[in-house]
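Report on the following structure.
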Amino acid sequence: MHESLMLFDSICNNKFFIDTSIILFLNKKDLFAEKIKKSMLSICFPEYTGPNTYDDAAAYIQAQFESKNRSPNKEIYCHLTCATDTGNIQVVFDAVTDIIIANNLRGCGLY
């Protein structure tokens, strides 16, 4: 998990992507939901003191990724996913549509 955070930090804050929106998929939410029932999140993140529930742990991990963004002009679209869930395709299309509209509005000075 820490390696993923470091990699995300280097990509998110790369000078070539400084104003590029990012869609972040935190995959295997089904496996994470089962694992969090058996293991404390504080094993991986000793500073985490919140409840060891799926919702709280997932929100904490999402916040860890989002906190890596150092550009106020960059949007991070984070989605917890399960690759076998066909509904994820609609999430991808919605996120991409949102990014395109926001970027076009920003280019026109309306956003």
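Residue numbers 16 to 126, in our numbering, belong to the letters of the sequence shown in order.
Idealized CB from N, CA, C, for every residue including glycine.
Note that this is a predicted model, so its numbers are computed, not measured.
If you draw a straight line from the Cα of Asn84 to the Cα of Asn29, it comes to about 10 Å.
Under DSSP, Tyr92 forms a beta bridge with Ile38. The beta carbon of Asn88 sits closer than 7 Å to those of Asp34, all from its chain and outside the five residues before and after it, given in chain order. Each residue's CA atom was taken as its position, placing Thr68 and Ala74 some 10 Å apart. For Ile51, the uninterrupted alpha helix (DSSP H) segment begins and ends at Lys44 to Lys53. The C-alpha of Asp71 is placed about 31 Å away from the C-alpha of Tyr126.
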